[in-house]
Amino acid sequence: MRPIMRLASGRLPWVCAVSAVAGMVVFSATVETAVRPPKFDYEIHKLDNGLTVVLSEDHSTPIVRSELVYHVGSKNERPGRTGFAHLFEHLMFKGSHNVLSDSHLTLISRVGGDGNAYTTEDATTYVETVPSQYLPLILWLEADRMATLRIDKETFESERQVVKEERRWRYEDTPFGLLSEIMYDQAYSVHPYKHTPIGSMADLEAASVDDVQEFFDTYYVPENATLVLVGDFESSEALALVKQYFDRVPKAAHPVPRDIPREPPQTGERRITLTQTENWPLPAVIVAHHITYDGHPDAYPLHIAVKVLSDGQSSRIFQRLVYDDQLAVSAFGQGTIIDDPNLFYAVSLVQPGRTPVESEQALIDQLDRLKNEFITDRELQQAKNQFARDYVFTRATVEQKASHLSHAAVIHDDITTADAEFDIFMNITKEDVQRVARTYFTKENRLVLTIQPPAPAGRSFLRPGDEE
25 MRPIMRLASG RLPWVCAVSA VAGMVVFSAT VETAVRPPKF DYEIHKLDNG
75 LTVVLSEDHS TPIVRSELVY HVGSKNERPG RTGFAHLFEH LMFKGSHNVL
125 SDSHLTLISR VGGDGNAYTT EDATTYVETV PSQYLPLILW LEADRMATLR
175 IDKETFESER QVVKEERRWR YEDTPFGLLS EIMYDQAYSV HPYKHTPIGS
225 MADLEAASVD DVQEFFDTYY VPENATLVLV GDFESSEALA LVKQYFDRVP
275 KAAHPVPRDI PREPPQTGER RITLTQTENW PLPAVIVAHH ITYDGHPDAY
325 PLHIAVKVLS DGQSSRIFQR LVYDDQLAVS AFGQGTIIDD PNLFYAVSLV
375 QPGRTPVESE QALIDQLDRL KNEFITDREL QQAKNQFARD YVFTRATVEQ
425 KASHLSHAAV IHDDITTADA EFDIFMNITK EDVQRVARTY FTKENRLVLT
475 IQPPAPAGRS FLRPGDEE
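Numbering (our numbering), first residue to last: 25 to 492.
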């Protein structure tokens, strides 16, 4: 369930991303009274070429949502070849054997639909929403680019420049924009979560057409893809259309590689101080801990812990560092619970006149408090209410239903979790939250990263031209 599995969208390029609106679904003080939303109605199929197909009828509106998820993200990239998954988010719209460059979205918009794509560490997703009578159009478009995507030198060079410019304005030219990139590089030694989906400028420069063609041939194949359709159709007819268009896509020539390096357990606290020379106006203190993966039993109480610690301006971290002690101009955190074990991290952007050491201790105090004291009944219930609200909202539109089903099918590799998680969350206890805090928020599993701005230049008493 994407809004729950990651408490902030994407790796934060900057400080504005971790907040959630107050609960809009009201429950009474006891979880037993929460009304369980109806379960999903879906069927799942696998084509002869390996494509997984999920169909869920929804006749409430005359539209169809398609999500084609390739189980490839930045974690599938080799060192020195980073940024490829995100690059294909762009290249997949640049034409195929039967579709001209940039015509994919034009064809969809002409029938009143829309489309988009996004890349994470674990997957790349291509989405379309169209009036239901145009389902054959989006199936043809997706099957065509899966089978015949055009990758030539001119297109590759053009999109490489687009991605490089995106990296500049989203990360390099934004205050604190490289925070996540620096942190993940320090927190990981071998797992490819060490690098971010945008990739490095050097790797993008070094890449060749042959490199990206090999990446496409390896990962953009039916057996590595899941197609989720939700909307106004009859499942038998939709499945026949899927087979009509996708059965013609050949099977992969080789098995999809899944040999992702495992990050060894951290066995001692790590303390690192760095200086960032550009777009870093204030000291930043990051306290990070390795946590578990999406779908692990500990992941669910960890979500509660992260909400209590860092979800919005009423959270413990923000209240303590910004309001109460005025140690930080901003303080936030994120629990990134995805395909492989990732991080919980808390960040303080240090208030002028205060020290990084003060922020570090305040952040650690809040983590230790979670280990030493139960969260309150109110905090537990509020977190459950917010989850229940999000859970209800995932059934509100065909877009949200498709997102929920695709996440369960691809990241969990178990579509039944799309329904099972509600009961799991509703039965989490304060003891569960304390247990996972004690398991993961240990000193041995801690990274303390301080990133300083450049020192102010000293005043020169030499006249221009007198320097040696």
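Virtual Cβ for every residue (Gly too), placed ideally from N, Cα, C.
Taking the alpha carbon of I132 as the point to measure from, which residue in Q458, L161, P62, A211 has its own alpha carbon closest?
L161
What residues match up with G359 in a beta bridge as DSSP calls it?
F368
What residue range does the beta strand (DSSP E) around R89 cover?
87-94
Using the C-alpha atoms, what's the distance from N409 back to E56?
Interpretation of E56 is limited by its pLDDT of 46, a score under 50 that renders its predicted location unreliable; no figure is taken from the coordinates.
Between P246 and L71, how many whole angstroms is the CB-CB distance? I'm expecting something under 8 Å.
7 Å
When the Cα atoms are used, what is the spatial distance from R378 to L351?
Approximately 6 Å, taken between the alpha carbons.
Under 8 Å by Cβ, that's how I've got L387 and A312 pegged, so tell me the actual separation to the nearest angstrom.
Not quite, the Cβ-Cβ distance comes to about 10 Å (not below 8 Å), so this is no contact.
Could you check if T85 is buried or exposed, using at least 16 other CB atoms within 10 Å of its CB as the buried criterion?
exposed
For V135, collect the residues of the same chain with a Cβ closer than 8 Å to its Cβ; drop the 5 residues on either side in sequence, then sort them by chain order.
V154, P155, Y158, L161
Given a cut-off of 9 Å on the beta-carbon distance, is the pair I315 and I435 in contact?
no
For P380, report the span of its alpha helix (DSSP H) as first-last.
380-396
Would you check if the distance between the CB atom of Y324 and the CB atom of D437 is smaller than 9 Å?
No, Cβ-Cβ distance for Y324 and D437 is not below 9 Å.
Could you give the residue range of the alpha helix (DSSP H) that holds I132?
127-134
Using CA atoms only, rank isn't needed, just tell me which of V77, Q406, D138 is closest to G336.
Q406
Assuming I475 contacts W304 under a Cβ cut-off of 8 Å, what Cβ separation, rounded to an integer in Å, is found between them?
7 Å
Quick one: what's S120 bridged to in DSSP?
L173
Give the single residue among S259, K63, Y464 whose Cα lies nearest to the Cα of V78.
By alpha-carbon distance to V78, the top candidate from S259, K63, Y464 is S259.
In three-state terms, what does DSSP make of I448?
helix
Does the distance from the C-beta atom of L111 to that of V236 stay below 9 Å?
It is a contact, given that the beta carbons lie within the stated cut-off.
The alpha helix (DSSP H) that contains M409, what's its start and end?
It should be noted that the sequence gives Asn, not Met, for residue 409. From DSSP, the alpha helix (DSSP H) with N409 extends over 401-417.
Between K218 and D146, is the Cβ-Cβ spacing less than 9 Å?
No.
DSSP has R272 in a bridge; who is on the other side?
Its beta-bridge partners do not exist; DSSP assigns none.
Got a sec, what are the start and stop residues for the beta strand (DSSP E) E81 sits in?
76-81
Just to confirm the assignment, what range does the alpha helix (DSSP H) spanning A328 have?
A small fix is needed here, since residue 328 is Ile in this sequence, not Ala. It spans 323-334 - the alpha helix (DSSP H) in which I328 sits, taken as one unbroken run.
How long is the line joining the alpha carbons of T76 and T198, rounded to whole angstroms?
Whole-angstrom Cα-Cα distance: 40 Å.
Which same chain residues end up closer than 8 Å to D209 when comparing Cβ atoms and leaving out the 5 residues on each side of it in sequence?
Cβ neighbours of D209 within its own chain (closer than 8 Å, five residues either side excluded): K218, H219.
Can you give the beta carbon distance from G104 to A230, rounded, assuming they're within the 8 Å contact cut?
7 Å
Along the beta strand (DSSP E) that carries T153, what are the first and last residues, could you check?
148-155
Checking the sheet assignment: what are the DSSP bridge partners for T297?
According to the DSSP secondary-structure assignment, T297 is paired through a beta bridge with T474.
How should P478 be labelled, buried or exposed, when 16 other C-beta atoms within 10 angstroms of its C-beta is the threshold for buried?
exposed
Any idea if A329 is buried or exposed, counting beta-carbon neighbours within 10 angstroms, 16 or more meaning buried?
Label assigned to A329: buried.
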